[in-house]
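Taking it in order: structure first as C-alpha cells, then the write-up.
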Amino acid sequence: MTTLHNLISTLFIMKNSFTTLENFGHSMSAPSYRFIPRTSEEIYEAFQLAKKSELTVTLRGAGRSYNDAALNGGGIVLDLTGMNQIIEWNANSGVVQCEAGVTLEQLWQKVLPDGWWPPVVSGTMTPTLGGCLGANIHGKNNFRMGTIGEHVTEFTAVLPTGAEITCSPKKNADLFYSMISGLGMLGVITTVTLQMKKIDSGLIEVHAWPTRTLEEQINSLLEGAPNYDYIVGWLDTITSDHGQIHAANYVHDDPDQAKMQVSYQTLPDRLFGVMPKSLLHYFMTPFANNLGWGAVNIAKYITSLRRHTFRQSHAAFHFLLDYVPNWELSYGRNGLIQYQSFLPKETALQTWTEMLATSKKRGMPSYLGVTKRHRPDDFLLSHALDGFSLALDFKVTGRNRAKLSAMLQEFDQMVLDAGGRFYFAKNSETSAEITRTFLGEETVARFKKLKKRTDPNGLLESDLYRRIFG
Amino acid sequence: MPEKQTTIPRATPLTPIKKAIVVGASGGIGAALARHLAQEGYVLALLDCSEHTLNPLCDEINQTYGEMRAVPYEHDATAYYKVPDLFRKIVADLGGLDLFVYVAGVIYFPTLDEFNFSEDHKMIEVNLLGAMAWMSEVAPVFQSMGGGQIVGVSSVAGDRGRIGNPGYNTSKAGFTCYLEALRNRLTRHGVNVITIKPGMVKTQMLDLPNAPKPMLAVTAEQAAQGIWKAIQKRKQVAYVSSLWRWVMLVLTHIPSVIFRRLSF
Chain A
444 MTTLHNLIST
454 LFIMKNSFTT
464 LENFGHSMSA
474 PSYRFIPRTS
484 EEIYEAFQLA
494 KKSELTVTLR
504 GAGRSYNDAA
514 LNGGGIVLDL
524 TGMNQIIEWN
534 ANSGVVQCEA
544 GVTLEQLWQK
554 VLPDGWWPPV
564 VSGTMTPTLG
574 GCLGANIHGK
584 NNFRMGTIGE
594 HVTEFTAVLP
604 TGAEITCSPK
614 KNADLFYSMI
624 SGLGMLGVIT
634 TVTLQMKKID
644 SGLIEVHAWP
654 TRTLEEQINS
664 LLEGAPNYDY
674 IVGWLDTITS
684 DHGQIHAANY
694 VHDDPDQAKM
704 QVSYQTLPDR
714 LFGVMPKSLL
724 HYFMTPFANN
734 LGWGAVNIAK
744 YITSLRRHTF
754 RQSHAAFHFL
764 LDYVPNWELS
774 YGRNGLIQYQ
784 SFLPKETALQ
794 TWTEMLATSK
804 KRGMPSYLGV
814 TKRHRPDDFL
824 LSHALDGFSL
834 ALDFKVTGRN
844 RAKLSAMLQE
854 FDQMVLDAGG
864 RFYFAKNSET
874 SAEITRTFLG
884 EETVARFKKL
894 KKRTDPNGLL
904 ESDLYRRIFG
Chain B
40 MPEKQTTIPR
50 ATPLTPIKKA
60 IVVGASGGIG
70 AALARHLAQE
80 GYVLALLDCS
90 EHTLNPLCDE
100 INQTYGEMRA
110 VPYEHDATAY
120 YKVPDLFRKI
130 VADLGGLDLF
140 VYVAGVIYFP
150 TLDEFNFSED
160 HKMIEVNLLG
170 AMAWMSEVAP
180 VFQSMGGGQI
190 VGVSSVAGDR
200 GRIGNPGYNT
210 SKAGFTCYLE
220 ALRNRLTRHG
230 VNVITIKPGM
240 VKTQMLDLPN
250 APKPMLAVTA
260 EQAAQGIWKA
270 IQKRKQVAYV
280 SSLWRWVMLV
290 LTHIPSVIFR
300 RLSF
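Chains as they are written, first to last, in this note's numbering: chain A, 444 to 913; chain B, 40 to 303.
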C-alpha cells in the first residue's frame, strides 16, 4: 500500500473483484468489492483503501446469515474464509486456538478424535468462528451452555485504526462483551481461543416424543430442559399445532473410540446408498408450497407419534441443516427468509398462538417451525433471554413480498409488546425503530460509543448495520 | 460516510429496490425517463452539468413519492477523469446498480456550407467520449456481476452520414458502433446493452437555430415510454418512435450515387 505500484494494482483488483454476493436464504443479493485477506496486514490495507476511496467495509465468513449481515451493496466485503488455520490444539486441556475463518466443521473434525466437542454449535457446520462470534450463536443447548461467546477464553482483533488488540473476559472486557455479538461492526476478529467440552462417546442419545399443541410443546421444553443436555422442538405450523421434541444427552457408557473418528460421524453423501444427496434439493422443490410442506409435516408427525429413544452420531444430531446439501435452493429463485423471535416464559404461548393464527389466516404459513429453550447472557447485543425462541421459515415469492413484509412488521411489534428479543443473524425486516426499542437507548448509545472508539471513521458498515442502526 | 446514504431507501429481502444511473438527466428525454423510472420504483442517481435544472427535478420526484428516489450529482460529461471516483461513490450510495443510461447529448446545426470544428469537437466529446468514459467503468462492473442493463441513447442520425450535420452524424455513428461492440462483449456475461435510436423528439434541440422542421416527432414522454419498453423487453436496438425503423430502412438502402445528390 505504501508504494505507488501497490496502490495501482489494488485499484485494478478492485474493478475485477466486483461480484454479487448472496445471503444464506438466497432472498437478497448485493454487488460488492470482495477481498480475501490472509494476514492482519492485508486487513489493515483494506481499511486504508476503503478510507481512501470513501467506501464502507463489511465482514463476511461463510455467508450463512439469512439476512443482510454479510452484505454491503456497492461497498467492500472482507471475506475472511482465507484465514482458516487451526493454530494450536491442546488435546489435554481442550483449548483450541484458531484463525477466525476456521469453520465449525474444521473444528469438530479436529477435536472429536481426541474426545472433545465444541460446546456450542449451530444447525449447520459451515459457519466460520468469526461469524459465530459476530452473531454470538447458540445451539440446542443454549439453556445449559449459553452462547458460543461464553466459551471463548480470548480473541485477537484488528481494528479499523490498525490497532491490534487482545480481548478476554478480564482484558479489554468491554470490547470482549461487545465485539462478541457486535456483528463485525467494531473490528475484525482474527484469532479465537475456545474451550472445548470433554465427551465420552461419539454418540448422543436422543429421546423423541410428540406434542399435540403449542402449549404442550412449550411445557415440554420447560420441563425437559433441566433433564437433558440438548432440547429442541419441531412445530407443524401449516396444518395444526402438532410437533415433536428431540431431547438428547451425551452418552457415557460407550467408549468405542471408532465412533469418535470423523469417518464414522460424517453424514452419508448418498440417500439409501444410491442417490447423491447433492441432487436431493431438486426433488424437494415441488414440495416447497403450502400443500407440499403441509403433507410433509403431517407425515413427519405420524412417524413421530411413537415415543422412542435412539442413538446417533454428534454430526447427525447437530447438523440437520447439512443433511440435504443446498436445501435452501428448494425454496425457488426468490429464496426464503427466517423469522425468529425470543420471548419470555410468561408471554411466549400467547404471543406465538396469535402469531401462528395470523400467518395461517393470511395464507402465509411458515413451512418449518423450530422451538428452543434459552437463558440470558452478558453480551451487549444479546438476543437471548430466560424463555423460548421460535424460528419460522417463510418462502418468498414475487407476489407475497409486500404482504409478508407487512405481517412480519406486525410480528415485530407483538414481540416487542411481549418483552421479546430478536436475533440479528436471522430477521431481515426488523427496523431501526424496533431495534432501538428492544435493545434500549442505553445499549445503543453504549454500542455507538464503543464504535466511535474502535472505528472513528465509520468504515465498518453492512446493509444490516444501516438497517438496524441507520 | 455521507449523510445521504441513510436517507436513500435500502433493499431488504422483502423490499427489493432497483437502482439506476441516468447521465444527462435534466434534458428533455433524460428528465422524462427519470420520472418514468421513479414511477416504476427505481432509486435514481441523476447526473447533469447544471444543478439549476437537476435539483428541481430531483425535488419534484422525491416529493411525488415521499421518499428519496432521486439523488442529484452535478457532473460535466466531458470531465472524463472524474468518472471512476464518481461512479464508485454513486454505486456505494445506491447500494448497487441494475441499470445505466447515457442520454447526455449536444447538437449544433450548421448551415449547408459551414464547417465548425469547435462545435464538432464538443459533440464528439459529449455524445461519444463521455459515454465511453462512463461505460468503461460500468461495463467491467456489470461483467463481473454477471448482470445489469446498459442503455445508450444514440440517434437515427448515426445510421447514415448526411449532408446536414457531419459532426453530429459522426458522434452518433461512433456511439452506435461502440454500443454494438459493447453488446458483443457483454451479452455472454449476462449483460443487456440497448441502443436507442430516437428519430425526432420535441425537446429544446428542435428550438435551436437551423433546426429542421419536426417530422414524425414524438414528445419526450413518449420517447421515455419507448425506452422503458425496450428496457423491459431487454431489446438490443430500439427506434423511438418505431416508425423510424422503416424510415431508416429505406434511407440506409439508398445507393450513394443517389444519396450524395439529395438535399437532406
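Glycine included, each C-beta is placed from N, C-alpha and C at the ideal position.
Cutoff 8 Å: V500 of chain A Cβ touching any chain B Cβ: In the first sequence, the residue the question calls residue 500 of chain A occupies position 57. False, the Cβ-Cβ gap to chain B never drops below 8 Å.
query: Do G238 of chain B and V279 of chain B have their C-beta atoms within less than 8 Å of each other?
result: Against the second sequence, residue 238 of chain B aligns to sequence position 199. Against the second sequence, residue 279 of chain B aligns to sequence position 240. Going by C-beta atoms, G238 of chain B is nearer than 8 Å to V279 of chain B.
- prompt: Residues of chain A with a CB under 8 Å from the CB of L133 of chain B: which are they?
  reply: One-based indexing of the second sequence puts residue 133 of chain B at position 94. What L133 of chain B touches in chain A: G516 and G517.
message: Can you tell me where the alpha helix (DSSP H) holding A791 of chain A begins and where it ends?
response: By 1-based counting over the first sequence, the position of residue 791 of chain A is 348. A791 to K804 is the extent of the alpha helix (DSSP H) around A791 of chain A.
- prompt: Is it right to say V122 of chain B is buried, meaning 16 or more other beta carbons lie within 10 angstroms of its own, or is it exposed?
  reply: Within the second sequence, the letter at position 83 stands for residue 122 of chain B. Classification for V122 of chain B: buried.
- prompt: Going along the chain, which residues of its own chain have a beta-carbon closer than 7 Å to the beta-carbon of I129 of chain B, five neighbours each way excluded?
  reply: By 1-based counting over the second sequence, the position of residue 129 of chain B is 90. Excluding sequence neighbours, I129 of chain B sits near I60, A84 and Y112.
query: What's the gap between the Cα of A109 of chain B and the Cα of Q102 of chain B?
result: The count along the second sequence starts at 1 and reaches residue 109 of chain B at position 70. The count along the second sequence starts at 1 and reaches residue 102 of chain B at position 63. Rounded to the nearest angstrom, the two C-alpha atoms are 10 Å apart.
- prompt: Between Q44 of chain B and G737 of chain A, what straight-line distance do the alpha-carbon atoms span, to the nearest angstrom?
  reply: Locating residue 44 of chain B in the second sequence gives position 5, counting from the first residue. Locating residue 737 of chain A in the first sequence gives position 294, counting from the first residue. Only weak support is given to the placement of Q44 of chain B: the predicted model assigns it a pLDDT of 37, under 50, and the value that follows is read from those uncertain coordinates. One C-alpha to the other measures close to 43 Å.
- request: Can you pull the chain A residues whose beta carbon is under 8 Å from the beta carbon of K128 of chain B, in chain order?
  value: Here residue 128 of chain B is taken as the residue at index 89 of the second sequence, counted from 1. Chain A residues near K128 of chain B: E497.
message: With the cut-off set at 8 Å, would you say A146 of chain B and L247 of chain B are in Cβ contact?
response: For this step, residue 146 of chain B is matched to residue 107 along the second sequence. For this step, residue 247 of chain B is matched to residue 208 along the second sequence. Position check: residue 146 of chain B holds Ile in this sequence, whereas Ala was assumed. Their beta carbons are under 8 Å apart, which means I146 of chain B touches L247 of chain B by this criterion.
message: What residue range does the beta strand (DSSP E) around T634 of chain A cover?
response: Locating residue 634 of chain A in the first sequence gives position 191, counting from the first residue. Unbroken beta strand (DSSP E) run through T634 of chain A: V631 to Q638.
Spatial neighbours of D898 of chain A in its chain, beta-carbon cut-off 6 Å, leaving aside the 5 residues before and after: In the first sequence, residue 898 of chain A corresponds to position 455, counting from 1. Counting only Cβ-Cβ distances below 6 Å, and skipping sequence neighbours, we find P603.
task: List the residues of chain B whose Cβ lies closer than 8 Å to the Cβ of V839 of chain A, in chain order.
output: Indexing the first sequence from 1 puts residue 839 of chain A at position 396. Those are P52 and L53, listed as they occur along chain B.
message: For chain B, check one thing: does any of its Cβ atoms lie closer than 8 Å to the Cβ of L792 of chain A?
response: In the first sequence, the residue the question calls residue 792 of chain A occupies position 349. Chain B contact via Cβ: absent.
field: Pairwise C-alpha distance: L514 of chain A and L167 of chain B
entry: Locating residue 167 of chain B in the second sequence gives position 128, counting from the first residue. Locating residue 514 of chain A in the first sequence gives position 71, counting from the first residue. Looking at the two C-alpha atoms, the distance is approximately 35 Å.
task: Mind the definition here: the segment 552-566 of chain A touches the segment 761-770 of chain A only if three or more C-beta pairs lie below 8 Å; say whether that holds.
output: yes
field: C-alpha distance - Y673 of chain A paired with K583 of chain A, whole-angstrom precision
entry: If you number the first sequence from 1, residue 673 of chain A lands on position 230. If you number the first sequence from 1, residue 583 of chain A lands on position 140. Roughly 5 Å between the two C-alpha positions.
- request: Taking only beta carbons into account, state which residues of the segment 78-92 of chain B come closer than 7 Å to chain A, listed in chain order.
  value: none
task: Go ahead and pull the three-state DSSP assignment for Y725 of chain A.
output: Position 282 of the first sequence, counted from the start, is the residue given in the question as residue 725 of chain A. In this structure, Y725 of chain A counts as helix in the three-state DSSP scheme.
- prompt: Cβ of L665 of chain A within 8 Å of Cβ of K815 of chain A?
  reply: By one-based count along the first sequence, residue 665 of chain A stands at place 222. By one-based count along the first sequence, residue 815 of chain A stands at place 372. No, the Cβ-Cβ distance between L665 of chain A and K815 of chain A is not below 8 Å.
message: Less than 7 Å between C-beta atoms, sequence neighbours within five positions excluded: which residues of the same chain meet that for F837 of chain A?
response: Translated into the one-based positions of the first sequence, residue 837 of chain A becomes position 394. Here the set comprises L779, I780, Y782, M807, S809 and L847.
query: Can you tell me whether DSSP reads H826 of chain A as helix, strand or coil?
result: Working through the first sequence from its first residue, we reach residue 826 of chain A at position 383. Three-state result, H826 of chain A: coil.
message: Is the separation between the beta-carbon of A512 of chain A and that of A868 of chain A shorter than 8 Å?
response: Here residue 512 of chain A refers to the residue found at position 69 of the first sequence. Here residue 868 of chain A refers to the residue found at position 425 of the first sequence. Taking 8 Å as the Cβ cut-off, A512 of chain A and A868 of chain A qualify as a contacting pair.
Reduced DSSP secondary structure (H/G/I, E/B, other) of Q491 of chain A: Counted from its first residue, the first sequence places residue 491 of chain A at position 48. In the structure shown, Q491 of chain A sits in a helix (DSSP, three-state: H, G or I).
task: Return helix, strand or coil for K788 of chain A, following the three-state DSSP convention.
output: Translated into positions along the first sequence, residue 788 of chain A becomes position 345. Of the three classes helix, strand and coil, the one that applies to K788 of chain A here is coil, per DSSP.
task: Would you check if there are 3 or more beta carbon pairs closer than 8 Å linking the segment 726-737 of chain A to the segment 673-686 of chain A?
output: yes
- request: With 8 Å as the threshold, decide whether the Cβ of T462 of chain A is near any Cβ in chain B.
  value: The sequence position of residue 462 of chain A within the first sequence is 19, counting from 1. Yes, because at least one Cβ of chain B sits closer than 8 Å to the Cβ of T462 of chain A.
message: Tell me the DSSP secondary structure of R844 of chain A in three-state form.
response: By one-based count along the first sequence, residue 844 of chain A stands at place 401. The answer is helix: DSSP assigns R844 of chain A an H, G or I state.
field: Counterpart residues of Q540 of chain A in DSSP-defined beta bridges
entry: Indexing the first sequence from 1 puts residue 540 of chain A at position 97. Q540 of chain A pairs with A:E531 and A:T636.
Of the residues A:R896, A:N900 and A:I911, the one placed nearest I608 of chain A, counting alpha carbons only: The count along the first sequence starts at 1 and reaches residue 608 of chain A at position 165. Closest by alpha carbon: A:R896.
task: May I have a chain-ordered list of the beta strand (DSSP E) segments no shorter than 3 residues that lie completely inside the segment 86-136 of chain B?
output: 109-113
Partner residues on chain A for R49 of chain B, Cβ-Cβ distance less than 7 Å: For the purposes of this step, residue 49 of chain B is identified with residue 10 of the second sequence, where counting begins at 1. Going along chain A in sequence order, the residues near R49 of chain B (Cβ under 7 Å) are D906, R909 and R910.
- prompt: Interface residues of chain B around E408 of chain A at Cβ under 7 Å?
  reply: Chain A is shown only over 444 to 913; residue 408 of chain A falls outside these bounds and no answer can be derived.
query: In whole angstroms, what is the alpha-carbon distance linking L435 of chain A and L547 of chain A?
result: Outside the displayed range of chain A (444 to 913) lies residue 435 of chain A, so it cannot be described from this structure.
query: Hey, G592 of chain A and F822 of chain A are a contact pair by Cβ (cut 8 Å); roughly how many whole angstroms apart?
result: The sequence position of residue 592 of chain A within the first sequence is 149, counting from 1. The sequence position of residue 822 of chain A within the first sequence is 379, counting from 1. Going by Cβ atoms, the distance from G592 of chain A to F822 of chain A rounds to 5 Å, so yes, they are a contact pair.
task: Identify, in the order they occur along the chain, each residue of the same chain with its Cβ nearer than 7 Å to the Cβ of I529 of chain A, setting aside the five sequence neighbours on each side.
output: Mapped onto the first sequence, residue 529 of chain A falls at position 86. Counting only Cβ-Cβ distances below 7 Å, and skipping sequence neighbours, we find V539, C541, V545, Q549 and K553.
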